[in-house]
Amino acid sequence: MTTSSGNLAQKAVTETAIKIDNLNKWYGDHHVLKDVSLDISEGEIMVVCGPSGSGKSTLIRSLNHLEEYQEGVVSVFGQPLSRDRQSHKIIHQTMGMVFQNFNLFPHLTVLQNCTLGLTWLRKMSERDADKMAMRLLDRVGIAHLATRYPGQLSGGQQQRVAISRSLAMEPKIMLFDEPTSALDPEMVKEVLDVMIDLAKTGMTMVCVTHEMQFARQVADRVVFMADGEIIEVGPPEQVLVNPQWDRTREFLQHVL
Ligand code: ADP
Ligand code: MG
Numbered sequence: 267m268t269t270s271s272g273n274l275a276q277k278a279v280t281e282t283a284i285k286i287d288n289l290n291k292w293y294g295d296h297h298v299l300k301d302v303s304l305d306i307s308e309g310e311i312m313v314v315c316g317p318s319g320s321g322k323s324t325l326i327r328s329l330n331h332l333e334e335y336q337e338g339v340v341s342v343f344g345q346p347l348s349r350d351r352q353s354h355k356i357i358h359q360t361m362g363m364v365f366q367n368f369n370l371f372p373h374l375t376v377l378q379n380c381t382l383g384l385t386w387l388r389k390m391s392e393r394d395a396d397k398m399a400m401r402l403l404d405r406v407g408i409a410h411l412a413t414r415y416p417g418q419l420s421g422g423q424q425q426r427v428a429i430s431r432s433l434a435m436e437p438k439i440m441l442f443d444e445p446t447s448a449l450d451p452e453m454v455k456e457v458l459d460v461m462i463d464l465a466k467t468g469m470t471m472v473c474v475t476h477e478m479q480f481a482r483q484v485a486d487r488v489v490f491m492a493d494g495e496i497i498e499v500g501p502p503e504q505v506l507v508n509p510q511w512d513r514t515r516e517f518l519q520h521v522l
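The structure is reproduced here in structure tokens:
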């Protein structure tokens with residue numbers, strides 16, 4: 267087993283990027299997040315794993331208010347978020363998200379998918395937006411696909427477009443919700459390689475994934491969730507090798 271080479275080891279001073287305080291969420295009377303608290307440092311690579319239905323998506327989607335919650339506070343760089351305009355501005359300026367199913371606009375080309383946010387939200391000129399998007403597409407190895415439509419690409423290529431589109435908005439934090447789960451096995455690596463490169467840039471990353479090799483390679487900490495609770499959190503060499511709880515051990519037997 268290799269030891270973690272996450273970002274934090276190289277960082278002397280760290281600021282809290284995301285602070286989650288006593289988050290509680292219910293769907294009707296189904297309690298799906300139970301008093302979840304967690305601090306994520308700037309530059310930290312956090313991997314979240316756990317069985318299906320344990321609340322991983324609900325948690326990560328609560329961070330950028332794609333989900334509302336009844337109790338608790340999420341703060342980003344010291345700013346507590348609420349439903350007001352100011353909070354939405356902070357979210358748009360600081361956080362990008364990549365989903366399991368890519369969520370690209372099918373009627374726009376690869377390049378247009380990446381420039382839309384820049385020209386509409388950032389009011390960037392088309393020329394500058396094109397330049398920036400092309401640079402990002404090149405970085406993830408798909409500049410040659412700029413004029414294609416998402417439907418003409420493989421899943422791995424579509425996910426790399428989705429990552430480029432997020433990065434175009436220059437986020438400080440990237441959220442990934444099972445970015446490789448919808449991919450054929452042979453395409454998983456090309457997306458993980460992009461995420462590993464991104465991790466090396468010092469980006470703060472929260473990644474829901476069951477790719478434990480990725481976790482071992484880049485995560486600073488791994489969170490194990492079950493039934494809406496954080497059961498265990500710690501460095502990968504602790505949580506993945508010497509889990510303190512039977513539930514973690516049992517889960518890992520299925521994914522390792
Ligand atoms: P995970 O991502 O770990 O698989 P989720 O966060 O998607 O888990 O779901 C957590 C729990 O919340 C599950 O029991 C799921 O069935 C429930 N849930 C998720 N979305 C909804 C919804 N829109 N309405 C009702 N229950 C939901
Ligand atoms: Mg999920």
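Per the numbering used here, the very first residue in the sequence shown carries number 267; after that it's consecutive.
Glycine residues also receive a C-beta, built at the ideal position from the N, C-alpha and C atoms.
Remember, it's a predicted structure, so these values are computed and weren't measured experimentally.
Close Cβ partners of residue i (< 7 angstroms) along its chain, the five nearest in sequence each way excluded
i: ASP450; result: GLY421
i: MET398; result: LEU384 and ALA434
i: LEU411; result: VAL376, LEU419 and GLN423
i: ILE429; result: VAL364, VAL406 and VAL460
i: HIS476; result: CYS315 and VAL521
i: MET453; result: SER420, GLY421 and GLY422
i: ASN330; result: ILE357, MET361, MET363 and LEU441
Endpoints, the beta strand (DSSP E) within which residue i is located
i: SER307; result: 296 to 307
i: MET400; result: No beta strand (DSSP E) contains MET400, which is instead part of the alpha helix (DSSP H) from 392 to 405.
i: GLY362; result: 361 to 364
i: LEU419; result: Taken as a continuous stretch (DSSP letters only), LEU419 belongs to no beta strand (DSSP E), as it is neither H nor E.
i: TYR335; result: Taken as a continuous stretch (DSSP letters only), TYR335 belongs to no beta strand (DSSP E), as it is neither H nor E.
i: MET312; result: 311 to 315
Neighbourhood of residue i by C-beta, 8 angstroms cutoff - its chain only, sequence neighbours within 5 removed
i: PRO372; result: TYR415, PRO416 and GLY417
i: ASP396; result: LEU377 and THR381
i: TRP292; result: VAL298 and GLN336
i: GLY500; result: ARG487 and VAL488
i: THR360; result: VAL342, PHE343, PRO437, LYS438 and ILE439
i: GLU392; result: THR381 and THR385
i: THR413; result: THR375, VAL376 and LEU377
i: ASP394; result: LEU384
Whole-number beta carbon distance between residue j and residue i, since they are thought to touch under 8 angstroms
i: LEU370; j: GLN423; result: Contact flag wrong, Cβ pair sits at about 10 angstroms.
i: HIS498; j: GLN479; result: The sequence as given places Glu at residue 498; His does not occur at that position. Not really, about 19 angstroms apart at Cβ, beyond 8 angstroms.
i: GLY494; j: HIS297; result: 6 angstroms
i: PHE490; j: GLY316; result: 6 angstroms
i: THR446; j: LEU458; result: 6 angstroms
i: SER432; j: MET363; result: 7 angstroms
i: ASP443; j: GLN366; result: 6 angstroms
i: ILE326; j: VAL314; result: 7 angstroms
i: TYR335; j: ASN290; result: 7 angstroms
i: ARG515; j: PRO502; result: That belief does not hold up - the Cβ atoms of ARG515 and PRO502 are roughly 15 angstroms apart, past 8 angstroms.
i: VAL427; j: ILE462; result: With a Cβ gap of about 18 angstroms, VAL427 and ILE462 do not count as contacting.
i: SER323; j: VAL474; result: 7 angstroms
Neighbourhood of residue i by C-beta distance below 6 angstroms, restricted to the same chain and skipping five residues each side
i: ILE306; result: ALA283, ILE284 and MET312
i: ASP287; result: SER303, GLY338 and VAL339
i: LEU274; result: GLU310 and ASP486
i: LEU347; result: VAL340 and SER353
i: ARG513; result: ALA492 and ILE497
Which of helix, strand or coil DSSP assigns to residue i
i: PRO346; result: strand
i: ASN330; result: coil
i: ALA412; result: coil
i: THR264; result: Look at the range of the chain in this structure, 267 to 522, and you will see that residue 264 is not part of it.
i: LYS355; result: helix
i: SER430; result: helix
i: LEU289; result: strand
Endpoints, the alpha helix (DSSP H) within which residue i is located
i: VAL376; result: 376 to 386
i: LEU518; result: 512 to 521
C-beta neighbour in chain D for residue i, strict 8 angstroms
i: SER447; result: In the structure shown, chain D cannot be found, because there is only a single protein chain.
Distance cut-off 7 angstroms: residue i Cβ against heavy atoms of the ligand ATP
i: ASP443; result: With respect to the ligand ATP, the structure shown offers nothing to examine, as its ligands consist of the ligand ADP and the ligand MG.
Fully enclosed by the region 439 to 506, which beta strand (DSSP E) runs are 3 residues long or longer?
439 to 443, 470 to 474, 487 to 492 and 495 to 500
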